[in-house]
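As given, the protein sequences belong to chains A and B, one line each in that order. Under the working numbering, read the first sequence as residues 1 to 182, first letter to last. Under the working numbering, read the second sequence as residues 183 to 941, first letter to last. Glycine included, every Cβ here is placed at the ideal spot set by N, Cα and C. Source: prediction; values computed, not measured. Here is the structure we will look at.
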Amino acid sequence: MTPYVPESKKTEEVLKARAQQLAKGGQKESPEQKRVRIVEFKMANESYGIELDHMRMIHPLNNLTDLPGIPAFIKGIINVRGKIVSIVDLKKFFDLAEQEPAGRPQVIILSSEGMEFGILADRIIGIKEVPEGEIQASLPTLTGIRAKYLKGITTQGTVILDAVKLLTDPKMCVELEVIEKK
Amino acid sequence: MDDKELQKQLLAAFRTEARERVQSLFASLAELEKNPDPETRERLIEVVFREAHSLKGAARSVNIQEIEALCQAMEGIFSEFKRAKTVLPPRMLDELHEAARSIENYLDASPDGLPEVRTKMAQLTGLLSKALAEDENRPVSEKKKHQKEPAARETAVQQGLTPKFFSRAALSETVRISTAKLDGLLLKAEELISLKQILNQHLGRMREIGGSLRALKKQWDAITPEMPDIKKAIHRHHFLHRFLEAFESGHQQITKTLREIDDRVKGFEQSNRMLGGMADELLEETKKACLLPFSTLFALLPPMVREIAVAQGKEVDVELVGEEIEIDKQILDNIRDPLIHLLRNAVDHGIENPQVRSQKQKSRRGLIRLIVSQPEHHTVELKVQDDGAGINTQAIVTEAVKQGILSPENARRLKEREIYSLIFHSGISTSPVLSEISGRGLGMAIVKDGIETLGGSISIDSASDRGTVFTIHLPVTLATFRGILVSVSGHFFLIPNTYVVQALKINQDDIKTAENRTIITLAKRPLSLVDLADTLGLQKKPAVSGQRKKTKNPSLPAVVLEHNHTQTAFIVDEILNEQEVLVKNLGSQLKRIPNIAGATVLGSGRVVPVLCVKDLIQSVVLKPLPAVAPEPLDREAEKVKSILVVEDSLTARTLLKNILEASGYLVKTAVNGEDGFNQLKAKAFDAVVSDIEMPRMNGFELTQKIRKDPSLADTPVVLVTNLDSPVDRERGIDAGADAYIVKSHFDRSNLLEVIARLV
Chain A
1 MTPYVPESKK TEEVLKARAQ QLAKGGQKES PEQKRVRIVE FKMANESYGI
51 ELDHMRMIHP LNNLTDLPGI PAFIKGIINV RGKIVSIVDL KKFFDLAEQE
101 PAGRPQVIIL SSEGMEFGIL ADRIIGIKEV PEGEIQASLP TLTGIRAKYL
151 KGITTQGTVI LDAVKLLTDP KMCVELEVIE KK
Chain B
183 MDDKELQKQL LAAFRTEARE RVQSLFASLA ELEKNPDPET RERLIEVVFR
233 EAHSLKGAAR SVNIQEIEAL CQAMEGIFSE FKRAKTVLPP RMLDELHEAA
283 RSIENYLDAS PDGLPEVRTK MAQLTGLLSK ALAEDENRPV SEKKKHQKEP
333 AARETAVQQG LTPKFFSRAA LSETVRISTA KLDGLLLKAE ELISLKQILN
383 QHLGRMREIG GSLRALKKQW DAITPEMPDI KKAIHRHHFL HRFLEAFESG
433 HQQITKTLRE IDDRVKGFEQ SNRMLGGMAD ELLEETKKAC LLPFSTLFAL
483 LPPMVREIAV AQGKEVDVEL VGEEIEIDKQ ILDNIRDPLI HLLRNAVDHG
533 IENPQVRSQK QKSRRGLIRL IVSQPEHHTV ELKVQDDGAG INTQAIVTEA
583 VKQGILSPEN ARRLKEREIY SLIFHSGIST SPVLSEISGR GLGMAIVKDG
633 IETLGGSISI DSASDRGTVF TIHLPVTLAT FRGILVSVSG HFFLIPNTYV
683 VQALKINQDD IKTAENRTII TLAKRPLSLV DLADTLGLQK KPAVSGQRKK
733 TKNPSLPAVV LEHNHTQTAF IVDEILNEQE VLVKNLGSQL KRIPNIAGAT
783 VLGSGRVVPV LCVKDLIQSV VLKPLPAVAP EPLDREAEKV KSILVVEDSL
833 TARTLLKNIL EASGYLVKTA VNGEDGFNQL KAKAFDAVVS DIEMPRMNGF
883 ELTQKIRKDP SLADTPVVLV TNLDSPVDRE RGIDAGADAY IVKSHFDRSN
933 LLEVIARLV
């Protein structure tokens, strides 16, 4: 649904936004206006954000390998600088409508003590700072499965995901035994 | 010719390097002569030590033994003084100066002058080595030796390990680095190996391009003798001149480009070889940096053994030998559980009660010894030795016969060693009581598995009343292993060679069916034959079977795999090649995936799963597979049935989805009745599985709506619910549901049975 924005115009917008940022008084944070740094990305035509604190890196989705016997919400594994990282498709995990990803999908690698995986983004929009005051508790329309993993929603409608909840959710951990299938 | 060229280049590189190092040696030696303060001296000694060491390595790689030997001697002296922290005597400094000078002379020498320099170098080498030996015998060193002796006696087997100087050098300067950082380094070093393989592929491609150009050039060369005639003929047609010119310049261009490519390929080959060598060395060195001494593991063992012993009223001492020997951290982590198991067994089965021991005229206290040694550079031997009752071979044989693992005739023929190996068979336990600690008969099978996964081996020796020794051999570092690459339904998999009995082509006519299983006979032995795609739950790719059909090849590629004495033949689509690979784990999220042991990265950058043969064989044993029909190719692919799961709870929805998908259904989900109904209107499903209590539209309402809609009325509906009252059940049936499953009695087979009946 996002209208197509030519590259130069996008750049212009980014620059403008930065200029405004600077005009507002630079990086200094007033105590009541704490800022949250997020990486913003598109998924199923919606805008999502995730805090940078638990992001290790952004990596292109190259050489994805599917594995037999893994849950549907895991897309497969990739090699990131010599380490194998599993890729979670949040659309499947959240049960969002499946859409053909537009453009080149990227992987946002989240990592914490004892857990690491990448989440699939249809497109990375960029890193941005959001004043904490602009994040409000989730909207009543977002009560589904996602509600549990939400941190809030910005005034622009970007859904901020809770990286810690995602990383610590036991459902994310896959430990399957050889079972008898009928 | 290439090798000669390379040798020449290497020598040139060595000369440059050697000159730099000799200069540095001169400079530092001169500084040392000034007798500086201890701190500066220490730093300088370190510099000269490193220079001599590096130069020695460089000389070795170009095979100049004179320099290597001389540097070895110099290094020895520096190392000794590095440790002793004393002043180098002036006489020795002179000799060292002379040594450095002679290396320089060697580099500059004309072929005629070389013998003379060589003689000088040999003299100096002798002189320095002698000086070192004298230095070694000084009283200080004597004392040091004495201190070392008890340890040396303990680890008599450990002799000839590391040259003394290296270990001392390592002791004198240590840095604490977090293991996480080391792991990071190791990963990077491993990545270089993939890069090396990628470069090799590029190189191969470049050679191919050169080859095709060469072929083209040859063609054009062939025309050259005819050129005068062609020119004459073309002369008559004036307009063809330009074509001729184009041809001639093309010919020249190709010749030039070909030469250029050949040169580049050669250069590439050389750099690649050097880079490859360096990458291998770097990995090797990094692996060494990741080694930990056994003591980090052993520390927790004696208290544990004591605790178990006390609980059983036994008295046991633990002796640890060779705990300073180092091994890869990962191996150490993974050997922990098998080792603990062996120790428990030793206390539980091995060591007798104090009274029994006294009767046998043994000391009341049992002794368990853990002896680590390093018989070879790359292997570590770990012995778990107890002085207990020994293994009761008769009991094992009786048990094996009882369990049908062994026939009574065979039992009589078994040698002692073969009887011991039965212990590793799961199900065998000689413990009369199933205690908490051991005796479940599974333990030893797991121990063996664990050790073999690490690339190690275990053997047993035992003597009645004298005790039992388990000998474990382990690699020092986790090495690369060889495996065969197969393709199945468009996926690639790697199978470790250790589990592959053979790879073969199976003739379709040889496939027989017995007791609802397909078998083939290999070496007069019947083997179960299954399709790897089925075992892994992969959908067969039509393209692949189409290909099979087209070629009309009646034989199927297959691999015979073995684990725990069970062999099974697996049909694959293609056996591609054998590769050397490094296994990596699947990351922290995928803790355990059936049938997959890990993954590896191929030279192409492709990530390939490594199969877990143990799981595969277990999977085959556990589930009676659909028999591979002798002619599976003509079998029409069955239409995949689709099911809509309507459920508002994520957990329940995921559960249902997984169960149904695992059974081969195509599953879509909806979050409530309304969503479900909309999806049904958009696309037909073979069945609906729905919850009852849901927001917006509940399961009863959904069922009614489906029944009322002419296009959907025939769709089977299964209600799965918490509501377990006769009234609700009735209401469900009234609404038109075909089946009603209560979650509390819910088990997957029940649901699957119901669905199979309905669709």
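Could you check if L278 (chain B) belongs to the surroundings of the ligand PLP, using beta carbon to heavy atom distance under 7 Å? What this structure holds is no ligand at all, so the ligand PLP is not there to describe.
So, are the CB atoms of L502 (chain B) and F480 (chain B) less than 8 Å apart? Their beta carbons are under 8 Å apart, which means L502 (chain B) touches F480 (chain B) by this criterion.
Closer than 8 Å, CB to CB, is A17 (chain A) near chain B or not? Cβ-Cβ to chain B under 8 Å: no for A17 (chain A).
So if DSSP puts S65 (chain A) in a beta bridge, which residue, or which two residues, is it bridged to? Just to set this straight, residue 65 (chain A) is Thr in the shown sequence, not Ser. The bridge partners DSSP lists for T65 (chain A) are A:I77.
Are E46 (chain A) and A163 (chain A) closer than 8 Å when you measure CB to CB? With respect to the 8 Å criterion, E46 (chain A) and A163 (chain A) are not classified as neighbours on the basis of their beta carbons.
Rounded straight-line distance, which links the Cα of P170 (chain A) to that of Q494 (chain B): Inter-residue distance for Q494 (chain B) and P170 (chain A) is about 39 Å (C-alpha atoms, whole angstroms).
If we ignore side chains and look at the alpha-carbon of each, how far apart do K469 (chain B) and S261 (chain B) end up? Near 24 Å, if we compare the C-alpha coordinates of S261 (chain B) and K469 (chain B).
Which residue spans inside the stretch 521-556 of chain B form an unbroken alpha helix (DSSP H) run of at least 4? For the stretch 521-556 of chain B, whole alpha helix (DSSP H) runs of length 4 or above, ordered along the chain, are 536-541.
Any chain A beta carbon closer than 8 Å to K839 (chain B): With 8 Å as the cut-off, K839 (chain B) counts as an interface residue toward chain A.
Under the rule that 16 or more other beta-carbon atoms within 10 Å means buried, what is S431 (chain B), buried or exposed? Burial call: exposed.
Of the listed residues A:V159, A:R123 and A:K148, nearest to Q136 (chain A) (C-alpha basis): Nearest in C-alpha terms to Q136 (chain A), of all of A:V159, A:R123 and A:K148, is A:V159.
Pick helix, strand or coil for F93 (chain A), following the three-state DSSP scheme. F93 (chain A) falls in the helix class under three-state DSSP.
Is M172 (chain A) closer than 8 Å to Q771 (chain B) when the C-beta atoms are compared? The criterion of a C-beta distance shorter than 8 Å is satisfied by Q771 (chain B) and M172 (chain A).
Could you tell me whether any Cβ in chain A is nearer than 8 Å to the Cβ of V763 (chain B)? Output row for V763 (chain B): interface = no.
Looking at the secondary structure, which residues open and close the beta strand (DSSP E) in which E501 (chain B) lies? Where E501 (chain B) is concerned, the enclosing beta strand (DSSP E) stretches over V498 to V503.
Start and end of the beta strand (DSSP E) containing V164 (chain A)? First-last for V164 (chain A): A163 to T168, but that is the alpha helix (DSSP H), not the beta strand (DSSP E).
Could one say the Cβ of N45 (chain A) lies closer than 8 Å to chain B's Cβ atoms, at least one of them? It does not: the Cβ of N45 (chain A) has no partner Cβ on chain B nearer than 8 Å.
Closer than 8 Å by C-beta to F425 (chain B): which residues in its own chain qualify, once you throw out the five before and the five after it? Chain order, please. The beta carbon of F425 (chain B) is closer than 8 Å to those of I416 in its chain, skipping five residues each way along the sequence.
Name, please, each residue of chain A whose Cβ falls closer than 8 Å to the Cβ of G769 (chain B). When 8 Å is used as the limit between beta carbons, G769 (chain B) is near these residues of chain A: I77, K83, I84, V85, S86, E116 and F117, in chain order.
Which chain B residues are close to G69 (chain A), counting only those with a beta carbon under 8 Å from its beta carbon? Neighbours of G69 (chain A) on chain B, chain order: L718, G719, I775, P776, N777 and I778.
Of all Cβ atoms in chain A, is any one closer than 8 Å to the Cβ of G342 (chain B)? Here G342 (chain B) scores only 38 on pLDDT, less than 50, and its place in the model should not be relied on; the value that follows carries that caveat. Taking CB atoms only, G342 (chain B) has no neighbour in chain A less than 8 Å away.
Beta carbon of T782 (chain B), beta carbon of K766 (chain B): below 8 Å? Yes, the Cβ-Cβ distance between T782 (chain B) and K766 (chain B) is below 8 Å.
Got a sec, what are the start and stop residues for the alpha helix (DSSP H) V229 (chain B) sits in? Membership of V229 (chain B) in the alpha helix (DSSP H) is indicated by the continuous run P220 to S243.
Helix, strand or coil at R476 (chain B) according to DSSP, with G and I counted as helix: As written in the sequence, residue 476 (chain B) is Phe, which differs from the Arg given in the question. Correct three-state label for F476 (chain B): coil.
Does the beta-carbon of D891 (chain B) have 16 or more other beta-carbons within 10 angstroms, so that it is buried, or is it exposed? D891 (chain B) comes out exposed.
Which listed residue (B:L237, B:T268 and B:N245) has its alpha carbon closest to that of A281 (chain B): Here the closest residue by C-alpha is B:L237.
Proximal residues, the stretch 384-398 of chain B versus chain A, C-beta separation under 8 Å: Listed by position, the residues of the stretch 384-398 of chain B near chain A (Cβ gap below 8 Å) amount to none.
Under 8 Å by beta carbon: chain B residues contacting D95 (chain A): Within 8 Å Cβ-Cβ: L832, R835, T851 and V853.
Unbroken alpha helix (DSSP H) run spanning I578 (chain B), endpoints: That run of the alpha helix (DSSP H) goes T575 to K584.
With a CB to CB cut of under 7 Å and the five nearest residues on each side skipped, what residues in its chain are close to T11 (chain A)? Once the five neighbours on either side are set aside, T11 (chain A) has no close Cβ partner at all.
Less than 8 Å between CB atoms is the rule here; does G665 (chain B) satisfy it with respect to chain A? Not one chain A Cβ lies under 8 Å of G665 (chain B).
Along the beta strand (DSSP E) that carries A696 (chain B), what are the first and last residues, could you check? First-last of the beta strand (DSSP E) with A696 (chain B): K694 to A696.
Less than 8 Å between the CB atoms is what I'm expecting for I509 (chain B) and V562 (chain B), so what's the real figure, rounded? Contact holds; Cβ gap of about 5 Å.
Give the DSSP bridge partners of H173 (chain B), in chain order. Since the first residue shown for chain B is 183 and the last is 941, residue 173 (chain B) is missing from the structure and cannot be characterised.
For D716 (chain B) and V871 (chain B), the rounded distance between their alpha carbons: Rounded to whole angstroms, the separation of the alpha carbons of D716 (chain B) and V871 (chain B) is 26 Å.
Starting from L772 (chain B), find everything on chain A with Cβ-Cβ shorter than 8 Å and list it in chain order. Near L772 (chain B) (Cβ distances below 8 Å), the residues of chain A are L67, I70, I74, I77, S86 and V174.
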